[in-house]
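Everything in the sequence shown is counted per my numbering, starting at 61 for the first residue and increasing by one.
For each residue, glycine too, the CB sits at the ideal point set by N, CA and C.
These notes are about the structure you will find just below.
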Amino acid sequence: MKSQTPSLKTGPKTYRVKSFGCQMNVYDGERMGELLDEKGLSPAPDGEDADLVVLNTCHIREKAAEKIYSDIGRLTKGKTQKKAPMIAVAGCVAQAEGEEIMSRAPAVSMVVGPQAYHRLPDMLDKAVRGERATDTDMPAIAKFGALPQRKRRSPTAFLTVQEGCDKFCTYCVVPYTRGAEISRPFNDLIGEARKLIEAGAREITLLGQNVNAWSGEDTKGHKVGLAGLIRALAKLDGVERIRYTTSHPNDMEDDLIAAHGEVEKLMPYLHLPVQSGNDRVLKAMNRAHTAESYLKLLERFREARPDIALSGDFIVGFPGETEAEFEDTLSLVDEVRYSQAFSFKYSPRPGTPAATMDNQLPRDVMDDRLQRLQARLNRDQMAFNKAIEGKSCSVLVERKGKLASQWLGKSPWLTSVWFEGDAQIGDLVEVKLVEAGPNSVRGVI
Ligand code: SAH
Ligand code: SF4
Ligand code: F3S
Numbered sequence: 061m062k063s064q065t066p067s068l069k070t071g072p073k074t075y076r077v078k079s080f081g082c083q084m085n086v087y088d089g090e091r092m093g094e095l096l097d098e099k100g101l102s103p104a105p106d107g108e109d110a111d112l113v114v115l116n117t118c119h120i121r122e123k124a125a126e127k128i129y130s131d132i133g134r135l136t137k138g139k140t141q142k143k144a145p146m147i148a149v150a151g152c153v154a155q156a157e158g159e160e161i162m163s164r165a166p167a168v169s170m171v172v173g174p175q176a177y178h179r180l181p182d183m184l185d186k187a188v189r190g191e192r193a194t195d196t197d198m199p200a201i202a203k204f205g206a207l208p209q210r211k212r213r214s215p216t217a218f219l220t221v222q223e224g225c226d227k228f229c230t231y232c233v234v235p236y237t238r239g240a241e242i243s244r245p246f247n248d249l250i251g252e253a254r255k256l257i258e259a260g261a262r263e264i265t266l267l268g269q270n271v272n273a274w275s276g277e278d279t280k281g282h283k284v285g286l287a288g289l290i291r292a293l294a295k296l297d298g299v300e301r302i303r304y305t306t307s308h309p310n311d312m313e314d315d316l317i318a319a320h321g322e323v324e325k326l327m328p329y330l331h332l333p334v335q336s337g338n339d340r341v342l343k344a345m346n347r348a349h350t351a352e353s354y355l356k357l358l359e360r361f362r363e364a365r366p367d368i369a370l371s372g373d374f375i376v377g378f379p380g381e382t383e384a385e386f387e388d389t390l391s392l393v394d395e396v397r398y399s400q401a402f403s404f405k406y407s408p409r410p411g412t413p414a415a416t417m418d419n420q421l422p423r424d425v426m427d428d429r430l431q432r433l434q435a436r437l438n439r440d441q442m443a444f445n446k447a448i449e450g451k452s453c454s455v456l457v458e459r460k461g462k463l464a465s466q467w468l469g470k471s472p473w474l475t476s477v478w479f480e481g482d483a484q485i486g487d488l489v490e491v492k493l494v495e496a497g498p499n500s501v502r503g504v505i
C-alpha cells in the first residue's frame, strides 16, 4: 500500500521541517521529511535556506500558535516571490485554523492537518503548478499505511502507537486537532520498530496523546494493552531501552504497573500528568481522577519499581482557581517529589469549554503561581539529581558536547548526563554519576 509518488521535475529541491510541538508533532515532522525524501527532495544543509519550509505547528497554548505568523513573516521578508521559499503549514494549528491561515498568510501554499500529511506529496505537485491547497481531513488511520518505510538513523527513536483523545479536558484543544482515540495495529508497530532498530535505534519511545489507552491484538489474536506491546517489543534483538509517553491516570492498567517491575528494558521513568492537586479544579477540568487516586497510582508504581523517576504536567490559574486550591497543587508536589515536571499558565483555547468559563484569572496571579510552583519543582529536580549522585548507571550517548571528547546522553531515569572520554553516538556506556547540577549530572566512565 506504499504510495510511490513521482519525483518533482521542477519546484523545490531542498526542504526543512520545523517542529514546534509535543513528541508526536516531532514524530510527524520526521515522517513528513521521509515523504519529501521519497519525492526526491533533500534536507537543506544546516545554515542554508531551504526551497520548501514546513512549519509543523502546535496549538496547545497561544504563543505556540502566534509564532507561526511571525515565522512566515521572517521567511518571506524582503524576498521576491521567486526567492522566497515555498511554505507549508502543518500540525495542530493547521488543523484548527485551516482556511484562516490561507487567507491571513498569502505566502503559504499548503495547509495540512496532522491526520492528512500523507497527502503532502500530492499537495506539493499542485503547489508547484501554482495551486494552493488545504487538507484537514481526519481519515482515522489511513495515514500510516500510506507513509514510506522508516529510515531515520538515530540511537533514540519515537514510534507513534496511539493517536487522538476522547477525554475532553475542558481546557484542551487536542481532541479537536487530533480527533478521536485510535490505536495502530500490533503487527504494524512491531514492523516499524524492526525498521527503526535496523536503522540504529537502541531506545524506542512509544508515543500517544494517551499512550496507555493503546490496545490491540497480538500475533496470536489475543487482546493486549500497552504492557503487552512493551513486552513484545522487549523481545526484539537490538532494542535496549523502551519508554512511553504520555499516560493518563484513567487508563492505567495493572499490567503496565507490573511491567515496570518485570521488563528490564522498560526504563524506570513515568510521565503522568495530574494538572492540579485540588479535586474541585480537577472536576472543572473534567479530569475524572482525584488528587488521592492519582497519588495512589504513583504509590503502586513505586512499589513495582522503587527507583522509578516521576514526572508530570501542571496548569496554574485555571478559571476560578483560588489561592487555597493552588496551594493544594503545591502540597501534592511536596508529596510526590518529581524528578522533573512541566508547568504552564492556563491559556484559553478557542472552542474549548474552559475558555468561556467565568472567573478567568489575571495574568499577574498566574505569573506568581507559576513562579512559586516552578521553584518547588526545581528544588525537587535538584534533589533527585543529588540523590543519584554516587550511583553507577548506563547512559545512551545521543550527541557530542560543546567541548571535544565531551558526550551527552540520558540515564535510565531520563536525566541528562555528560561525561568525557572515548565514546560514540549510540554507545551504551556505564558511568558513575559524580556531580549533580540543576539540569544535568556529570559522570565519569
Ligand atoms: N495528553 C496528555 C498531554 C496533553 S498536552 C495529557 O493528557 O496529559 C500537554 C500538556 O499541556 C498538558 O498536560 C497540560 O498540562 C498542558 N496544556 C494543555 N492545554 C493547556 C491550556 N489550554 N493551557 C495551558 N496548558 C495546557
Ligand atoms: Fe488534552 Fe486531556 Fe486529552 Fe490530555 S487527556 S490530550 S490534556 S484532553
Ligand atoms: Fe501541540 Fe498538537 Fe502536540 S497541539 S502538544 S502539537 S498534539
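Query raised in the report: By DSSP, does Q175 sit in helix, in strand, or in coil?
Result: Stepping through the sequence shown from its first residue, residue 175 is reached at position 115. Three-state DSSP puts Q175 in coil, outside helix and strand.
Requested in this report: Just confirm the distance between the C-beta atoms of L293 and I264, as a whole number of angstroms; I'd bet it's less than 8 Å.
Outcome: On the sequence shown, position 233 is the one that residue 293 refers to. On the sequence shown, position 204 is the one that residue 264 refers to. About 7 Å; that satisfies the 8 Å criterion.
Requested in this report: Run through the region 141-186 for me and flag every whole alpha helix (DSSP H) of 4 or more residues, listed as ranges in chain order.
Outcome: List check, alpha helix (DSSP H) in window: 151-157 and 159-164.
Query raised in the report: Going by DSSP, what residues sit across from K460 in a beta bridge?
Result: Numbered from its first residue, the sequence shown carries residue 460 at position 400. K460 pairs with W467.
**Report entry** Three-state class that DSSP yields for F386 in the structure shown
**Finding:** Taking the first residue of the sequence shown as position 1, residue 386 is located at position 326. Helix at F386.
Requested in this report: List the whole-angstrom C-beta distance separating G450 from F479, where the pair is believed to meet the contact cut-off of C-beta under 8 Å.
Outcome: Taking the sequence shown and counting its residues from 1, the one referred to as residue 450 is at position 390. Taking the sequence shown and counting its residues from 1, the one referred to as residue 479 is at position 419. Between the beta-carbon of G450 and that of F479 there is about 15 Å, and that puts the pair past the 8 Å contact cut.
Query - Cβ-based burial, Q431 [other Cβ within 10 Å; buried from 16] - result: Residue numbering aside, residue 431 sits at position 371 when the sequence shown is read from its first letter. So Q431 ends up on the exposed side.
Query raised in the report: Any contact of the region 214-221 with the region 174-188, i.e. 3+ C-beta pairs under 8 Å?
Result: With the rule of 3 Cβ pairs closer than 8 Å, the region 214-221 does not count as touching the region 174-188.
**Report entry** Around the ligand SF4, Cβ to any heavy atom closer than 6 Å, ordered along the chain
**Finding:** So the residues near the ligand SF4 by this Cβ test are C225, K227, F228, C229, C232, V234, P235, Q269, N270 and H308.
Query raised in the report: Which of the three DSSP states, helix, strand or coil, is assigned to S399?
Result: Numbered from its first residue, the sequence shown carries residue 399 at position 339. Correct three-state label for S399: coil.
Query raised in the report: Hey, is the region 227-241 in contact with the region 349-362, meaning 3+ C-beta pairs nearer than 8 Å?
Result: In short, these stretches do not touch, since the Cβ pair count stays below three.
Query - Given 8 Å, three or more beta-carbon pairs between the region 414-432 and the region 464-480 - result: Taking 8 Å as the limit for Cβ pairs, the verdict is that the region 464-480 does not touch the region 414-432.
**Report entry** Three-state secondary structure (DSSP) of D373
**Finding:** By 1-based counting over the sequence shown, the position of residue 373 is 313. Strand at D373.
Query raised in the report: For E132 versus V153, is the C-beta distance shorter than 8 Å?
Result: Counted from its first residue, the sequence shown places residue 132 at position 72. Counted from its first residue, the sequence shown places residue 153 at position 93. For clarity, residue 132 is Ile in the given sequence; the question names Glu instead. Between I132 and V153, the C-beta spacing is not below 8 Å.
Requested in this report: Tell me whether the beta-carbon of A287 lies closer than 8 Å to the beta-carbon of D311.
Outcome: In the sequence shown, the residue the question calls residue 287 occupies position 227. In the sequence shown, the residue the question calls residue 311 occupies position 251. Their beta carbons are not under 8 Å apart, which means A287 does not touch D311 by this criterion.
Query raised in the report: Near Y75, which residues of its chain fall below 6 Å by C-beta distance, leaving aside the five closest residues on each side in sequence?
Result: On the sequence shown, position 15 is the one that residue 75 refers to. Cβ within range, chain order: L96, L101, A110 and L112.
Requested in this report: Could you have a look at H331 and say whether DSSP puts it in helix, strand or coil?
Outcome: Taking the first residue of the sequence shown as 1, we reach residue 331 at position 271. Of the three classes helix, strand and coil, the one that applies to H331 here is strand, per DSSP.
Requested in this report: Alpha carbon to alpha carbon, how far is S500 from D487? Give it in angstroms, no decimals.
Outcome: Within the sequence shown, numbered from 1, the residue matching residue 487 stands at position 427. Within the sequence shown, numbered from 1, the residue matching residue 500 stands at position 440. Straight-line spacing of the CA atoms in D487 and S500 works out to 19 Å.
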